[in-house]
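Novice:
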Amino acid sequence: MALSRFEVNSGAKGKGLPHYLYITGQGKYKEKDTEIIFVRSENMPSWAQDAGEFWDAGDEFERKNGSVYREHLLSLPRELTHQQNIELIDEWVEKHLQGYSYTYAYHETTARDGHIQPHCHLMFSERKNDGIERTKEQYFKRYNAKNPEKGGVKKLNTGKSHTERQQELLALRHDFGEHLKEHLIRHGYEKSAELVDMRNYIERGAEAPERQKPIWIINAEKEKMQAERAIHDITMHEISQQPNAPRPHEISKNRDDNFNFDR
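Residue numbers (UniProt numbering): 1 to 263.
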């Protein structure tokens with residue numbers, strides 16, 4: 001493991017449940033079930049019977065243009081067993097996501113070199129549970145600082161600048177590298193731990209690789225594009241059913257001119 005990968009993505013309103021189904025291999029993504037090693041969902045509010053209901057409610061009740069989830073894409077050491085990698089993920093969650101509702105799926109695919117490519121999709125709500133009972137409709141409303149019980153659950157990173165978010169991302173990436181080293185050393189892979197390098201090829205002063213993204217990253221990006229298209233198609237259908245709806249040629253071919261997606 002010479003170069004590890006840590007990426008952060010976010011999903012807008014309407015993308016929560018589709019992404020949950022994708023990473024857990026359910027519904028139309030059932031064929032992915034063979035690559036899934038382990039799934040865990042925790043810290044769901046009392047009104048959610050299961051994780052699917054939670055992510056579905058986020059899609060329905062999250063504020064317009066708001067993000068339903070944030071995701072850590074984590075590469076995992078090939079050297080570790082399934083149980084050891086689950087331990088690695090659980091300790092990462094315990095350190096960074098206490099109090100947040102989350103679902104993670106541990107996948108194992110085949111890399112281009114023919115060896116296994118273990119990785120984790122960790123999606124979580126940016127709303128930290130505060131112990132106040134709320135309905136699903138209220139849960140995703142705007143936070144009320146003066147009267148928290150009257151508003152929704154407060155979101156992580158609210159009010160932070162782009163620079164502050166970037167600094168946090170860099171700190172998280174570095175911390176994940178240290179986390180990998182700790183677990184490799186714990187299980188007797190000191191030499192592998194020495195090779196962990198979270199810097200990208202530019203930071204390392206190296207030449208750009210011919211293929212910068214693993215297959216699992218590319219598949220995740222394809223899934224996001226499919227979800228956006230599905231939301232667009234549904235919205236266009238709803239518009240077409242409305243009285244005095246514009247004709248197709250009257251609607252811009254660039255969907256971003258008509259709908260604001262949070263990428």
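For each residue, glycine too, the CB sits at the ideal point set by N, CA and C.
If you compare alpha carbons, which of Thr158, Glu168, Phe61 is closest to Val8?
Specialist: Counting from 1 along the sequence shown, the entry for residue 8 is found at position 8. Minimum Cα distance to Val8 is reached at Glu168.
Novice: Sort Ile36, Lys28, Arg63 by Cα distance to Lys155 and report the nearest one.
Specialist: Working through the sequence shown from its first residue, we reach residue 155 at position 155. Answer by Cα proximity: Arg63.
Novice: Identify the residues that DSSP records as bridge partners of Ala105: which are they?
Specialist: As a working mapping, residue 105 is identified with position 105 in the sequence shown. Note: Ala105 sits in a beta bridge opposite Val39, His121.
Novice: Let's test the definition: count the other Cβ atoms within 10 Å of the Cβ of Glu71 and tell me whether it reaches 16, buried, or not, exposed.
Specialist: In the sequence shown, the residue the question calls residue 71 occupies position 71. Glu71 should be labelled buried.
Novice: Thinking C-beta only, is His82 closer than 8 Å to Ile37?
Specialist: By one-based count along the sequence shown, residue 37 stands at place 37. By one-based count along the sequence shown, residue 82 stands at place 82. Yes.
Novice: Would the stretch 51-58 count as touching the stretch 12-23 if we require 3 or more Cβ pairs under 8 Å?
Specialist: As far as the Cβ criterion goes, the stretch 51-58 touches the stretch 12-23, which means the pair count is three or higher.
Novice: Return yes when the Cβ of Tyr69 is within less than 8 Å of the Cβ of His107, no when it is not.
Specialist: Locating residue 107 in the sequence shown gives position 107, where the first residue counts as 1. Locating residue 69 in the sequence shown gives position 69, where the first residue counts as 1. No, Cβ-Cβ distance for His107 and Tyr69 is not below 8 Å.
Novice: Using alpha carbons as the reference points, say which of Asn144, His121, Met123, Leu184 lies closest to Ile132.
Specialist: Start at 1 with the first residue of the sequence shown, and residue 132 comes out as number 132. Per the Cα distances, Asn144.
Novice: Does the beta-carbon of Gln181 have 16 or more other beta-carbons within 10 angstroms, so that it is buried, or is it exposed?
Specialist: In the sequence shown, counting from the first residue as 1, residue 181 sits at position 181. Reading the sequence as shown, one finds Lys at residue 181 and not Gln. Counting Cβ neighbours within 10 Å, Lys181 comes out buried, since at least 16 surround it.
Novice: Could you give the first and the last residue of the continuous beta strand (DSSP E) run that contains Ala48?
Specialist: Residue mapping note: residue 48 aligns to position 48 of the sequence shown, counting from 1. From DSSP, Ala48 is part of no beta strand (DSSP E); its letter is neither H nor E.
Novice: Could you please give the first and the last residue of the uninterrupted alpha helix (DSSP H) stretch that includes Gly16?
Specialist: Residue 16 sits at position 16 when you count from the first residue of the sequence shown. Where Gly16 is concerned, the enclosing alpha helix (DSSP H) stretches over 16-24.
Novice: Could you pull the DSSP bridge partners for Gly11 from this structure?
Specialist: Within the sequence shown, the letter at position 11 stands for residue 11. According to DSSP, which records beta bridges pairwise, Gly11 is partnered with Tyr69.
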